[in-house]
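Accompanying notes for the structure given below.
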Amino acid sequence: MKRRQALTQARDILADNHIDDAFLEGEILLRHVLGIDRARLFSDLDCDISHSHVEELMQLVERRRRGEPSAYITGHREFFGLDFIINHHVLIPRPETELLVEKAIDLCRTRSISTIADIGTGCGAIAVSLAVNLPGLTVYATDVSSPALEIAAQNGAKYGVKDRIILLQGDLLGPLPEPVDMIIANLPYVRKSDLTAGFEPELALNGGENGLDKIKILCRQADERLRKNGSLLLEIGQGQAEAVKIILRRAFPSALIEIDRDLAGIERMISLRLT
Numbered sequence: 009m010k011r012r013q014a015l016t017q018a019r020d021i022l023a024d025n026h027i028d029d030a031f032l033e034g035e036i037l038l039r040h041v042l043g044i045d046r047a048r049l050f051s052d053l054d055c056d057i058s059h060s061h062v063e064e065l066m067q068l069v070e071r072r073r074r075g076e077p078s079a080y081i082t083g084h085r086e087f088f089g090l091d092f093i094i095n096h097h098v099l100i101p102r103p104e105t106e107l108l109v110e111k112a113i114d115l116c117r118t119r120s121i122s123t124i125a126d127i128g129t130g131c132g133a134i135a136v137s138l139a140v141n142l143p144g145l146t147v148y149a150t151d152v153s154s155p156a157l158e159i160a161a162q163n164g165a166k167y168g169v170k171d172r173i174i175l176l177q178g179d180l181l182g183p184l185p186e187p188v189d190m191i192i193a194n195l196p197y198v199r200k201s202d203l204t205a206g207f208e209p210e211l212a213l214n215g216g217e218n219g220l221d222k223i224k225i226l227c228r229q230a231d232e233r234l235r236k237n238g239s240l241l242l243e244i245g246q247g248q249a250e251a252v253k254i255i256l257r258r259a260f261p262s263a264l265i266e267i268d269r270d271l272a273g274i275e276r277m278i279s280l281r282l283t
C-alpha cells in the first residue's frame with residue numbers, strides 16, 4: 009500500500025465516524041506510525057509502506073474512532089510551539105491556555121519578575137514554556153499528582169530547563185516555600201454536573217458544583233504567597249468571569265483586575281495585580 013492510500017483510508021474511517029478534523033487526525037496518526045514529520049510524509053506520498061505499518065495505523069485509527077484523543081495515542085501534544093510528552097495522567101494542553109503564557113511573558117518583559125508559581129502544572133506545559141522563553145526565570149511547579157510531576161520533569165529535561173523548574177507535590181499554594189512575583193494557574197473549572205466520562209483525569213477537570221471550588225481556595229491562599237506588586241493569572245470557564253472577579257475583589261479590594269478573551273471571543277483569563 010502507498011502512503012497516499014493509507015492516509016486516505018485513515019481519514020475516511022475517521023470522517024465516517026464523525027471525528028472532528030478527520031483530515032488532520034489521519035495525518036497525525038500516519039506520521040506517528042512512520043516516525044516522520046509532515047514535510048517528509050508529503051514529499052513522497054507514493055512511497056510504499058509495510059503491511060505491519062498499515063496494521064498499526066488501523067489499530068490507532070480504531071482507538072481514535074472509539075474516542076481516545078490522538079494526543080494520548082501518540083503521547084505528544086504541541087503547545088506554545090513546543091512538543092510536550094503527555095499520557096493519561098495529565099490533561100491535554102489546550103490552545104486557549106497559551107493566552108496565560110503570552111500574558112505572563114508580556115508582564116515579565118515589562119516588570120522585574122524573577123519567580124513564578126505554576127499551580128496544577130500537569131505535564132508542565134505552562135512552566136516549561138515560561139522557562140524556555142524567559143531564561144532568567146525560576147518557576148515553582150506544583151501538582152497533587154505524582155505521575156503528573158514525573159511527566160513535567162521529563163518535559164523540563166527535554167528542553168533543558170529542569171534546573172530552573174522546581175517541582176513540588178501538594179495541593180495549590182501549600183507546597184510553595186516562599187512568596188513569588190506571579191502565580192499562574194489553569195485549575196479545574198468544569199462544573200461537576202457537566203462532567204462526562206472520558207479519557208482525561210477527572211482530577212484535572214472537576215471544579216465542583218459551580219466549577220469554582222479550587223479557584224476560591226487559591227484566591228484565599230494567594231494573599232500570603234504574592235510579593236508586593238505581585239500578579240495572579242487564572243484561566244476560567246465560559247460564563248465564570250464575573251463570579252471570579254467578585255471572589256478576587258473580596259480578597260484584594262484595591263487590586264487591579266483585568267479580563268481577557270480568547271480567539272473565540274470567550275472571557276478566558278482573569279488577571280490581578282497588587283498595588
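Numbering (our numbering), first residue to last: 9 to 283. From the three backbone atoms N, C-alpha and C, an ideal C-beta is built for every residue, glycine too.
Residues near residue i in its chain [Cβ-Cβ closer than 6 Å; skip 5 each side]
i       : result
Ile-267 : Ala-249, Glu-275 and Ile-278
Thr-82  : His-40
Phe-88  : Glu-106, Val-109 and Ser-137
Arg-172 : Ala-139 and Thr-146
Residue(s) in a DSSP beta bridge with residue i
i       : result
Met-277 : Glu-243 and Asp-268
Tyr-148 : Ala-125 and Ile-174
Asn-214 : Val-198
Start and end residues, alpha helix (DSSP H) containing residue i
i       : result
Ala-14  : 11–24
Glu-106 : 106–118
Ala-193 : Unbroken run through Ala-193 is the beta strand (DSSP E), 188–193; no alpha helix (DSSP H).
Val-291 : In this structure the chain extends from 9 to 283, so residue 291 is not present and cannot be described.
Leu-226 : 221–230
Arg-233 : It is not in any alpha helix (DSSP H) - Arg-233 carries neither H nor E in the DSSP assignment.
Pro-155 : 154–166
Ile-100 : Here Ile-100 belongs to no alpha helix (DSSP H), and DSSP marks it neither H nor E.
Ala-263 : First-last for Ala-263: undefined, no H or E at that position.
Contacting residues, own chain, Cβ-Cβ under 8 Å from residue i (five flanking each side not counted)
i       : result
Ser-122 : Gly-144, Leu-145, Thr-146 and Asp-189
Val-62  : Met-9 and Ala-14
Phe-207 : Gly-75, Glu-76, Pro-77, Tyr-80 and His-96
Asp-231 : Ala-259 and Phe-260
Endpoints, the beta strand (DSSP E) within which residue i is located
i      : result
Glu-86 : 84–87
Leu-90 : 90–93
Separation of residue j from residue i, as counted between CA atoms
i       : j       : result
Lys-111 : Arg-117 : 10 Å
Ala-263 : Arg-235 : 13 Å
Ala-14  : Pro-77  : 20 Å
Ile-27  : Thr-16  : 14 Å
Leu-38  : Ala-79  : 13 Å
Gly-237 : Arg-281 : The displayed chain sequence assigns Asn, not Gly, to residue 237. Cα-Cα distance, rounded: 6 Å.
Arg-119 : Cys-131 : 27 Å
Ser-58  : Lys-10  : 9 Å
Val-152 : Asp-52  : 46 Å
Asp-45  : Arg-228 : 46 Å
Arg-187 : Arg-233 : Per the sequence shown, the amino acid found at residue 187 is Pro instead of Arg. For Pro-187 and Arg-233, the distance between alpha carbons rounds to 4 Å.
Ile-255 : Ile-223 : 9 Å
Close Cβ partners of residue i (< 7 Å) along its chain, the five nearest in sequence each way excluded
i       : result
Asp-270 : Glu-104, Leu-107 and Arg-276
Ala-30  : Arg-19, Leu-22 and Ala-23
Glu-210 : Leu-203
Arg-102 : none
Leu-226 : Ile-127, Leu-180, Leu-181, Ala-193 and Leu-195
Gly-219 : Tyr-197, Val-198, Arg-199, Gly-245 and Gln-248
Residue i CB to nearest heavy atom of the ligand MG below 6 Å
i       : result
Ala-161 : Summarising the ligand content, the structure contains no ligands, and the ligand MG is consequently not present.
Legend entry - Length-filtered (3 minimum) beta strand (DSSP E) runs lying within the stretch 43–67: none
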